[in-house]
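Q: Here the working numbering = 1-based position in the sequence shown + 13. Backbone N, C-alpha and C fix where the C-beta goes; we use that ideal spot for every residue, glycine too.
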Amino acid sequence: MKDIRINISLYVIIPVIFAGIAILSIIVTYNTTVSYLSKSMDPQRPVFLWGTLLIAFTLVCGVLIVKFLIDPVKQFVRKTKNLGVVKSAAAPTDPPKANDDMGRFTLFFDQVTEILSKVEARQLFPDIIGQSKTMRGVFNQIVKVAPRESTVLITGETGTGKELIARSIHQHSKRQDKPFIAINCAAIPEGLLESELFGHEKGAFTGANRKKPGKFEMADGGTLFLDEIGDMPLDTQAKVLRAIEENAVQRVGGLHPKPVNVRFITATNHDLEKMVEAGRFRKDLFYRLNVFSIMLPPLRHRREDIPLLAERFLHQMGREIVISSEALQMLMANDWPGNVRELKNALESAAVLAVDDTISPATLPISVGRDRNSRHLSNGREGPLLSTIDEPDDGADLDTRIKNYERRAIVNALLETGGVQIKAAAHLGIKERSLWHRIKKHSINISDFKQ
Ligand SMILES: Nc1ncnc2c1ncn2[C@@H]1O[C@H](COP(=O)(O)OP(=O)(O)OP(=O)(O)O)[C@@H](O)[C@H]1O
Numbered sequence: 014m015k016d017i018r019i020n021i022s023l024y025v026i027i028p029v030i031f032a033g034i035a036i037l038s039i040i041v042t043y044n045t046t047v048s049y050l051s052k053s054m055d056p057q058r059p060v061f062l063w064g065t066l067l068i069a070f071t072l073v074c075g076v077l078i079v080k081f082l083i084d085p086v087k088q089f090v091r092k093t094k095n096l097g098v099v100k101s102a103a104a105p106t107d108p109p110k111a112n113d114d115m116g117r118f119t120l121f122f123d124q125v126t127e128i129l130s131k132v133e134a135r136q137l138f139p140d141i142i143g144q145s146k147t148m149r150g151v152f153n154q155i156v157k158v159a160p161r162e163s164t165v166l167i168t169g170e171t172g173t174g175k176e177l178i179a180r181s182i183h184q185h186s187k188r189q190d191k192p193f194i195a196i197n198c199a200a201i202p203e204g205l206l207e208s209e210l211f212g213h214e215k216g217a218f219t220g221a222n223r224k225k226p227g228k229f230e231m232a233d234g235g236t237l238f239l240d241e242i243g244d245m246p247l248d249t250q251a252k253v254l255r256a257i258e259e260n261a262v263q264r265v266g267g268l269h270p271k272p273v274n275v276r277f278i279t280a281t282n283h284d285l286e287k288m289v290e291a292g293r294f295r296k297d298l299f300y301r302l303n304v305f306s307i308m309l310p311p312l313r314h315r316r317e318d319i320p321l322l323a324e325r326f327l328h329q330m331g332r333e334i335v336i337s338s339e340a341l342q343m344l345m346a347n348d349w350p351g352n353v354r355e356l357k358n359a360l361e362s363a364a365v366l367a368v369d370d371t372i373s374p375a376t377l378p379i380s381v382g383r384d385r386n387s388r389h390l391s392n393g394r395e396g397p398l399l400s401t402i403d404e405p406d407d408g409a410d411l412d413t414r415i416k417n418y419e420r421r422a423i424v425n426a427l428l429e430t431g432g433v434q435i436k437a438a439a440h441l442g443i444k445e446r447s448l449w450h451r452i453k454k455h456s457i458n459i460s461d462f463k464q
C-alpha cells in the first residue's frame, strides 16, 4: 500500500492545538452556564471544575509539545558533542554562558556552524591556510565572486597571499580549465612591460627578432593576474584600460587589434585611492578594476592562523619537525611585517637550525620577537637568517651563545653559497676541513642547502 504522508507545518499545528483548547473552553463554559441557569442552578462550581480540567489539559499539551520539539534537539546536541571534530575544536578559555535551554542551544548551534564553516573552508581551499574569522570572510568572498566574470581587485600588504587568492578564484571559476597567467608589473622594466603585456611583432624594436604573443593573448579564455598594478606606469595604464574595454590587444609594432577574452584579477599593496588622488593612478582604470574588492588582512590581525600556517609549512618540508610551545608563542607575538611569506621563510631557516628536529626560541631568526627594532630591516623577501646574527640569546650562558652564533654563521654561509662548502668556508675565513668538522659538530644537514 502506498505510504501517504501529510506534511503539516508545526507553525500550523501548534497554534491550531491551542486555539482548539481556547474554543473548547468557551464552548464548555457557555454550555455549562446555560444548562445550569436553565435549571435555576448556580453554574459557578461546574464552570470552575471544567476550567481546572482544561488548564490541566493545556499544561499536558504544552509539556508534550515542548518534549516533542526539544527531545530531538537534545539528542542532536548529545550526539554532536561526542564527534571528534567538535571535541577537538578549541574550547574558548572563557566560554559564553546561557541560563536557559534555548540560550544554550543557540550557543551550541553557533559553535557547530563555526566548525562546519571551517571544515568547508579546508575542503574548498586546501592550499589556503586560515580559520580566523577574517579569512573565512575572504573565503566567502571567493566563493561568491569566482563563478562570476567580474574583475577583482585584491589588496593587502606584501606576503599576505594575494597571488594565492587570485589563483584560487581562477580555480573556482568557469575558466578553471583555461590558462591562469600572472605578471608582476613591478618586476618588469618599464620599457619591456608593454611588450610583455601585449606582445610584439618581428622588428617592432631593436632586439625583437621574432614575433611574440603577450600575456593578454596567452591568457585568452582564462584569467590574467596583474600583480602590483599600482606600480604600472601611467602610459601603460591607459593601454591596459583600452584593452580591457575593447576586449582586444594590439601587439607592439602590430597594425590590427586582436580580440581576446580575458578575466582580470589585479592586486596591489598600495592604496590605489590615494594614488588616484595624487594623480599617480588613472581614475577610470581604478573604477574599471575595483568592481569587486577583496582586502587581505595582515598576519598580525589574524594571529590565530599562525599555528596552522606553521604546521602546514613544517609539514611541507618533508621532515618530522616539531616546534616548542615557547617558540610558537614567539611566532604568535611577532608582528610579521612580511606577513605569511616572512613566517614561511623564518620557519624554513629555523628548521635548518633545529636541534633534535625541534624548533626552539634559540633557532628562530633574531627578528622574531627578540629584536623589535630590527623588524623594519626585513621586507619579508629575504631570508630572515640573513639579517643581523650578532644578537645575544636571551638567558643563555656564554658557551651556548657562542655555539648558537657559530651555528647561525655557518648556516648563513651555506644558505648564501647554496651549500657549496668550499665557498662557504671562504665566506667564513676558515679551511674547508674545519668547516666540515663544524658541520658535523652541529649536525647540520648539508643537503638542506643544495639548490
Ligand atoms: N593563507 C595562506 N596559506 C598558505 N600559504 C600562504 C598563505 N598566504 C600566503 N601564503 C604563502 O606565502 C607566500 C607569499 O604569498 P603570495 O605571493 O600569494 O603573497 P602576495 O600578497 O602576492 O605577496 P606580494 O605582494 O609580495 O606579491 C607564498 O609562498 C604563499 O604560498
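If we count the other Cβ atoms within 10 Å of its Cβ and call it buried at 16 or more, is N458 buried or exposed?
A: Exposed, by the Cβ-count rule.
Q: What's the gap between the Cα of Y24 and the Cα of N197?
A: Answer to the nearest angstrom: the Cα atoms are 58 Å apart.
Q: Take E162 and list the residues in its own chain whose beta-carbon comes closer than 7 Å to its own, dropping the five residues that flank it on each side.
A: Here the set comprises R276.
Q: Provide the residue span of the beta strand (DSSP E) that contains N197, from first to last.
A: 193–197 is the extent of the beta strand (DSSP E) around N197.
Q: Is K175 buried or exposed, if buried means 16 or more other CB atoms sit within 10 Å of its CB?
A: Under this definition K175 is a buried residue.
Q: For P202, which residues in the same chain have their Cβ closer than 8 Å to its Cβ, ignoring the five residues on either side in sequence?
A: Around P202: no qualifying Cβ.
Q: With the cut-off set at 8 Å, would you say L309 and I167 are in Cβ contact?
A: Contact flag set, yes.
Q: Leaving out the 5 sequence neighbours to the left and right, which residues in its chain are closer than 6 Å to T249 when beta-carbon positions are compared?
A: The residues are L206, E207.
Q: With a threshold of 16 other CB atoms inside 10 Å of the CB of M245, please say whether the residue is buried or exposed.
A: Buried: at least 16 other Cβ atoms inside 10 Å.
Q: Confirm, please, whether the CB-CB distance from V353 to T173 is below 8 Å.
A: Against a cut-off of 8 Å, the Cβ pair of V353 and T173 comes out as a contact.
Q: Using only the alpha-carbon positions, how far apart do T371 and V86 sit?
A: Distance between the alpha carbons of T371 and V86 is about 45 Å.
Q: Given that a residue counts as buried once 16 or more other Cβ atoms are within 10 Å of its Cβ, and exposed if not, what is H213?
A: Answer is buried; the Cβ neighbour count reaches 16.
Q: Can the beta-carbon of L344 be found closer than 8 Å to that of L356?
A: In this structure, L356 lies closer than 8 Å to L344 by Cβ.
Q: Taking 8 Å as the cut-off, decide whether the C-beta atoms of A256 and P192 are in contact.
A: Against a cut-off of 8 Å, the Cβ pair of P192 and A256 comes out as no contact.
Q: From the DSSP output, which residues share a beta bridge with V273?
A: Its beta-bridge partners do not exist; DSSP assigns none.
Q: Unbroken beta strand (DSSP E) runs of length 3 or more, entirely within the region 227–297: which are they?
A: Here the runs fully enclosed are 236–240, 276–281.
Q: Leaving aside the five residues before and after L302 along the sequence, list all residues of the same chain whose C-beta is less than 6 Å from its C-beta, in chain order.
A: Correct list, in chain order: T164, L166, T279.
Q: Is there at least one non-hydrogen atom of ligand 1 closer than 7 Å to the beta-carbon of T481?
A: Nothing can be reported for residue 481: it is not among the residues displayed for the chain, which extend from 14 to 464.
Q: Tell me whether Q136 is buried or exposed, calling it buried when 16 or more other Cβ atoms sit within 10 Å of its Cβ.
A: Looking at its Cβ environment, which holds fewer than 16 other Cβ atoms inside 10 Å, Q136 is exposed.
Q: Roughly how many whole angstroms lie between the Cα atoms of V253 and R446?
A: Going from the Cα of V253 to the Cα of R446 covers about 57 Å.
Q: With 16 as the cutoff for other CB atoms within 10 Å, does G33 come out buried or exposed?
A: G33 should be labelled exposed.
Q: Would you say the beta carbon of E150 is closer than 7 Å to some non-hydrogen atom of ligand 1?
A: The residue you asked about is not Glu; residue 150 is Gly in the sequence shown. Checking every heavy atom of ligand 1 against the Cβ of G150, none is found closer than 7 Å.
Q: Can you determine whether any heavy atom of ligand 1 sits closer than 7 Å to the C-beta of G172, and answer yes or no?
A: Yes; taking the cut-off as 7 Å, the Cβ of G172 has a heavy atom of ligand 1 nearer than that.
Q: For G266, verify whether its CB is less than 7 Å away from any heavy atom of ligand 1.
A: No, ligand 1 has no heavy atom inside 7 Å of this Cβ.
Q: V73 and F118 - do their beta-carbons sit closer together than 8 Å?
A: No, they are not a contact pair.
Q: State yes or no: is the C-beta of I141 nearer than 7 Å to some heavy atom of ligand 1?
A: Yes; taking the cut-off as 7 Å, the Cβ of I141 has a heavy atom of ligand 1 nearer than that.
Q: For the putative contact between L360 and F326, defined by C-beta atoms under 8 Å, what is the C-beta separation to the nearest angstrom?
A: 5 Å between Cβ atoms; contact.
Q: Within the same chain, show all residues whose beta-carbon is closer than 8 Å to that of P59, passing over the 5 residues directly before and after it, in chain order.
A: Correct list, in chain order: T45, Y49.
Q: Quick check: what's the CA-CA separation for V381 versus F122?
A: Between V381 and F122, the C-alpha separation is close to 39 Å.
Q: Any idea what DSSP makes of T371, helix, strand or coil?
A: Strand.
Q: When burial is assigned at 16 or more other CB atoms within 10 Å of the CB, is E258 buried or exposed?
A: Burial call: exposed.
Q: Flag L322 as yes when its Cβ comes closer than 7 Å to any non-hydrogen atom of ligand 1, and as no otherwise.
A: For ligand 1, at least one heavy atom lies less than 7 Å from the Cβ of L322.
Q: Between S51 and T42, what straight-line distance do the alpha-carbon atoms span, to the nearest angstrom?
A: For S51 and T42, the distance between alpha carbons rounds to 14 Å.
Q: Just to confirm before moving on: does the CB-CB distance between S373 and S338 stay below 8 Å?
A: No; because the gap between Cβ atoms is not below 8 Å, this pair is not in contact.
Q: May I ask whether a heavy atom of ligand 1 can be found less than 7 Å away from the beta carbon of A284?
A: Note on identity: in this sequence residue 284 is Asp, with Ala being the wrong assignment. Not so, every heavy atom of ligand 1 lies at least 7 Å from the Cβ.
Q: In angstroms, rounded to a whole number, what distance separates the CA positions of P378 and S362?
A: Taking the straight line from one Cα to the other gives about 8 Å.
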